[in-house]
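Enquirer: Input: one structure, supplied below.
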Amino acid sequence: MSTGAPLRLGRNDYPAAARLVMAIVNRTPDSFYDKGLTWAEDAALERVRMVVDQGADLVDIGGIKAAPGAEIDAAEEMRRVVGFVERVRGEFPDLVISVDTWRAEVGRAVCEVGADVLNDAWGGADAELPEVAAEYGVSIVRTHTGGVTPRTRPHRIEYDDVVADAVSSLTAQAEHAVQAGVDPARVLIDPAHDFGKNTYHSLELTRRLDELTTLGWPVLVSLSNKDFVGEALDLPVGERLTGTLAATALSAWHGAQVYRAHEVVETRQVLDLVSAVTGDLRPARTTRGLA
Amino acid sequence: MIRAVAVVPSAPLLLPEYTGRSDAGAPLRDRAVDVLRAALPAAGDGGSVVLVAATDREPRSSRPSLGRRVGSHLLRLAGAEADEVVEVPWDVPVDGCHAIGGALGAGPGDVVLVVVADGSACRGEKAPGHLDERSFAVDDLLVEGLTTADPGRLLALNPDLCADLLVHGRAPLQVAAAAMAASGRMECAELEAEDPFGVLYVTARLTAV
Numbered sequence: 000m001s002t003g004a005p006l007r008l009g010r011n012d013y014p015a016a017a018r019l020v021m022a023i024v025n026r027t028p029d030s031f032y033d034k035g036l037t038w039a040e041d042a043a044l045e046r047v048r049m050v051v052d053q054g055a056d057l058v059d060i061g062g063i064k065a066a067p068g069a070e071i072d073a074a075e076e077m078r079r080v081v082g083f084v085e086r087v088r089g090e091f092p093d094l095v096i097s098v099d100t101w102r103a104e105v106g107r108a109v110c111e112v113g114a115d116v117l118n119d120a121w122g123g124a125d126a127e128l129p130e131v132a133a134e135y136g137v138s139i140v141r142t143h144t145g146g147v148t149p150r151t152r153p154h155r156i157e158y159d160d161v162v163a164d165a166v167s168s169l170t171a172q173a174e175h176a177v178q179a180g181v182d183p184a185r186v187l188i189d190p191a192h193d194f195g196k197n198t199y200h201s202l203e204l205t206r207r208l209d210e211l212t213t214l215g216w217p218v219l220v221s222l223s224n225k226d227f228v229g230e231a232l233d234l235p236v237g238e239r240l241t242g243t244l245a246a247t248a249l250s251a252w253h254g255a256q257v258y259r260a261h262e263v264v265e266t267r268q269v270l271d272l273v274s275a276v277t278g279d280l281r282p283a284r285t286t287r288g289l290a
Numbered sequence: 000m001i002r003a004v005a006v007v008p009s010a011p012l013l014l015p016e017y018t019g020r021s022d023a024g025a026p027l028r029d030r031a032v033d034v035l036r037a038a039l040p041a042a043g044d045g046g047s048v049v050l051v052a053a054t055d056r057e058p059r060s061s062r063p064s065l066g067r068r069v070g071s072h073l074l075r076l077a078g079a080e081a082d083e084v085v086e087v088p089w090d091v092p093v094d095g096c097h098a099i100g101g102a103l104g105a106g107p108g109d110v111v112l113v114v115v116a117d118g119s120a121c122r123g124e125k126a127p128g129h130l131d132e133r134s135f136a137v138d139d140l141l142v143e144g145l146t147t148a149d150p151g152r153l154l155a156l157n158p159d160l161c162a163d164l165l166v167h168g169r170a171p172l173q174v175a176a177a178a179m180a181a182s183g184r185m186e187c188a189e190l191e192a193e194d195p196f197g198v199l200y201v202t203a204r205l206t207a208v
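Protein chains in written order, with numbering that gives the first Met the number 0: chain H, 0 to 290; chain X, 0 to 208.
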């Protein structure tokens, strides 16, 4: 069975064989990996410039860290991201801009200033978000969290079959988005490693990702430096790049199309190598044995 | 009569199936095609195009030889195709080259020979055959033979030494030399030689005087 699906982001159409890097840009003071490195708006904008230069296909701007912490209401979230999205759009008219939010009112505000993708990392916690995507003609990411409350850690969750649960949940969410009026090519599904899952769940989803990539929806994976990588290798944040890239390669082999990542250059290299192996991308330059 | 001789490389990287996203062979391919366009007969001029290439030294596939495929591809890019292909064993002795080339040079009608040939592949430590200092004298003789359009120098290339140095063009060049000797005096109109990957590539055009 073929993997992947046609994908539309912003004004761009991508084939099923595309493997895109979505660079993480945090407008947060406390995200687990960068710990506020791009909290200042100018620093965040500088990161956008850098990742674009490094070859990122799109950026994912977030105003709230995923982990539990201080309550960030919609007004504060909008203060963090709306003006920034507008600024990025002004400097990069053609860049695909995603915003990581589960709130429909935040989604509406960022779409007003030029966002192209609503990355709903919390599994449809706000049922109105697909309607916003439909209204503005933007893309939306549907995620599998097992139905947990946003910004909570999994605690003793078990599934009969985590992949089957993800297939069921993501199919329903994707179809709901289409019913709400979203272009099917603008609906992505994300198994959401670590979200509502222990490490065994995330590893199994990685191992069986082909069961998602053959559903007919483009698959996004968010693997970068996550706990399942750290627990698999017993490594702290800051030492998980190699493990992340291994999971990236496996996901690429299974046909995932968008990779939410902190390290753009390394991710791009892994994806290009997998694409070269699968025959979707010619090698960069070839002389060995051919001179 | 041999009206012109065009010498082009036989590097596989000139073929589309071996070209990466960045085309390492682009400048060489462009030069080869330019040489062919200049050497080929104009439409309506008559004459035939004969492609001379060597068999693969270490054949492991059922495909046509790389020399034949590269030569045919370059000819297609130049807007032509060979009327005849002469594929000579890569290790054919000089006498054999004399016989094949002599017949070509003494044949009726105007002929453009397209010779697919490289010099040594041992011109540096990163070269396919590593560095062999003997390469430079052999390649100098090869280039001088073409620059002076002197069949004798080309026929003086030693088959065993050329085999040691991975000179893939020795046999086709000696076929061309024998054809030139049987046909009439020629002169070199253009020649460029380079070894970007440790292999000597020559693009040259010789014309009848």
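Where is the CB? At the ideal position from N, CA and C, for every residue including glycine. The structure presented is a predicted model; accordingly, all values stated were derived computationally and were not measured.
Whether or not the stretch 67-82 of chain X and the stretch 174-184 of chain X are in contact is what I'm after, with contact meaning three or more pairs of Cβ atoms, one per stretch, closer than 8 Å; do they touch?
Expert: Touching, no, given that fewer than three Cβ pairs across the two stretches are closer than 8 Å.
Enquirer: Who are the near neighbours of residue 282 (chain H) in its chain, counting only those whose CB is closer than 7 Å to its CB and skipping five residues on each side?
Expert: So the qualifying residues of the chain are 275.
Enquirer: Cβ of residue 88 (chain X) less than 9 Å from any chain H Cβ?
Expert: Judged by the 9 Å Cβ criterion, residue 88 (chain X) is not in contact with chain H.
Enquirer: Return helix, strand or coil for residue 61 (chain H), following the three-state DSSP convention.
Expert: In the structure shown, residue 61 (chain H) sits in a strand (DSSP, three-state: E or B).
Enquirer: Ordered along the chain, which non-local residues of its own chain (more than five positions away) have a Cβ less than 8 Å from that of residue 5 (chain H)?
Expert: Here the set comprises 12, 13, 14, 15, 184, 217.
Enquirer: Output, in sequence order along the chain, the residues in the stretch 60-94 of chain X whose CB is closer than 7 Å to any CB in chain H.
Expert: Those would be none; no residue qualifies.
Enquirer: Whole-angstrom Cβ separation of residue 142 (chain H) and residue 191 (chain H), contact assumed at under 8 Å?
Expert: Yes, residue 142 (chain H) and residue 191 (chain H) are in contact; Cβ-Cβ is about 4 Å, under 8 Å.
Enquirer: Any beta carbon of chain H sitting closer than 9 Å to that of residue 21 (chain X)?
Expert: So yes, residue 21 (chain X) belongs to the interface.
Enquirer: Taking DSSP as the reference, what is the three-state secondary structure of residue 32 (chain H)?
Expert: Correct three-state label for residue 32 (chain H): coil.
Enquirer: Measuring straight from C-alpha to C-alpha, what distance separates residue 174 (chain X) and residue 21 (chain X)?
Expert: Straight-line Cα distance between these residues: approximately 35 Å.
Enquirer: Is there a Cβ from chain X that is less than 9 Å from the Cβ of residue 280 (chain H)?
Expert: Output row for residue 280 (chain H): interface = yes.
Enquirer: Compare the beta carbon distance of residue 260 (chain H) and residue 241 (chain H) with 9 Å and say whether it is the shorter of the two.
Expert: Their beta carbons are not under 9 Å apart, which means residue 260 (chain H) does not touch residue 241 (chain H) by this criterion.
Enquirer: For residue 165 (chain H), collect the residues of the same chain with a Cβ closer than 6 Å to its Cβ; drop the 5 residues on either side in sequence, then sort them by chain order.
Expert: So the qualifying residues of the chain are 143, 190.
Enquirer: Would you check if the distance between the CB atom of residue 189 (chain X) and the CB atom of residue 203 (chain X) is smaller than 9 Å?
Expert: Cβ atoms of residue 189 (chain X) and residue 203 (chain X): closer than 9 Å.
Enquirer: Per the DSSP calculation, residue 87 (chain X) is bridged to which residue(s)?
Expert: Residue 87 (chain X) is bridged to X:53.
Enquirer: Give, in chain order, every residue of the stretch 265-290 of chain H whose Cβ lies closer than 8 Å to some Cβ of chain X.
Expert: Hits within the stretch, in order: 280, 281, 282, 283, 284, 285, 286, 288, 289, 290.
Enquirer: Hey, does residue 196 (chain X) have any beta-carbon neighbour from chain H nearer than 9 Å?
Expert: Chain H contact via Cβ: present.
Enquirer: Near residue 270 (chain H), which residues of its chain fall below 6 Å by C-beta distance, leaving aside the five closest residues on each side in sequence?
Expert: Excluding sequence neighbours, residue 270 (chain H) sits near 18, 251.
Enquirer: Using 8 Å as the Cβ pair cut-off and three pairs as the minimum, do the stretch 120-135 of chain H and the stretch 165-184 of chain H touch?
Expert: They touch, by the three-pair rule.
Enquirer: Per the DSSP calculation, residue 185 (chain X) is bridged to which residue(s)?
Expert: The partner list for residue 185 (chain X) (beta bridge, DSSP) reads X:207.
Enquirer: If you scan the stretch 222-288 of chain H from start to end, which runs of the beta strand (DSSP E) of 3 or more residues do you find wholly inside it?
Expert: Segments of the beta strand (DSSP E) lying fully in the stretch 222-288 of chain H: 257-260.
Enquirer: Do the CB positions of residue 200 (chain H) and residue 158 (chain H) come within less than 9 Å of each other?
Expert: Yes; because the gap between Cβ atoms is below 9 Å, this pair is in contact.
Enquirer: Go through the stretch 75-140 of chain X residue by residue and report every complete run of the alpha helix (DSSP H) that reaches 4 residues or more, in order.
Expert: The stretch 75-140 of chain X contains these whole alpha helix (DSSP H) runs: 93-105.
Enquirer: Beta carbons nearer than 7 Å to chain H: which residues of the stretch 163-183 of chain X have them?
Expert: Within the stretch 163-183 of chain X, no residue qualifies.
Enquirer: Beta-carbon of residue 126 (chain X) versus every beta-carbon of chain H: anything under 9 Å?
Expert: Yes, residue 126 (chain X) lies at the interface with chain H (some Cβ there is under 9 Å from its Cβ).
Enquirer: May I ask you to report which of helix, strand or coil DSSP gives residue 213 (chain H)?
Expert: Reduced to three states, the DSSP call for residue 213 (chain H) is coil.
Enquirer: Do residue 52 (chain X) and residue 84 (chain X) come within 9 Å of each other at the CB atom, strictly closer than that value?
Expert: Result yes, Cβ atoms of residue 84 (chain X) and residue 52 (chain X) sit closer than 9 Å.
Enquirer: Closer than 9 Å, CB to CB, is residue 105 (chain X) near chain H or not?
Expert: No, residue 105 (chain X) lies away from the interface with chain H (no Cβ there is under 9 Å from its Cβ).
Enquirer: Would you mind giving the Cβ-Cβ distance between residue 187 (chain X) and residue 154 (chain X), rounded to the nearest angstrom? I have them listed as a contact below 8 Å.
Expert: No, residue 187 (chain X) and residue 154 (chain X) are not in contact; Cβ-Cβ is about 17 Å, not under 8 Å.
Enquirer: Which term fits residue 2 (chain H), buried or exposed, when burial requires 16 or more other beta carbons within 10 angstroms of its beta carbon?
Expert: It is buried - the Cβ of residue 2 (chain H) has at least 16 other Cβ atoms within 10 Å.
Enquirer: List the residues of chain H whose Cβ lies closer than 8 Å to the Cβ of residue 150 (chain X), in chain order.
Expert: What residue 150 (chain X) touches in chain H: nothing, since even the nearest Cβ is about 28 Å away.
Enquirer: Do the stretch 73-84 of chain X and the stretch 118-125 of chain X meet, that is, are 3 or more Cβ pairs less than 8 Å apart?
Expert: Counting Cβ pairs under 8 Å, fewer than three are found: no touch.
Enquirer: So, does the CB of residue 31 (chain X) fall closer than 9 Å to a CB anywhere in chain H?
Expert: Cβ-Cβ to chain H under 9 Å: no for residue 31 (chain X).
Enquirer: Does the distance from the CB of residue 114 (chain X) to the CB of residue 4 (chain X) come in under 9 Å?
Expert: Closer than 9 Å, so yes.
Enquirer: Can you tell me where the beta strand (DSSP E) holding residue 144 (chain H) begins and where it ends?
Expert: Here residue 144 (chain H) belongs to no beta strand (DSSP E), and DSSP marks it neither H nor E.
Enquirer: Tell me whether residue 21 (chain H) sits in a helix, a strand or coil according to DSSP, three-state version.
Expert: Residue 21 (chain H): strand per DSSP, three-state reduction.
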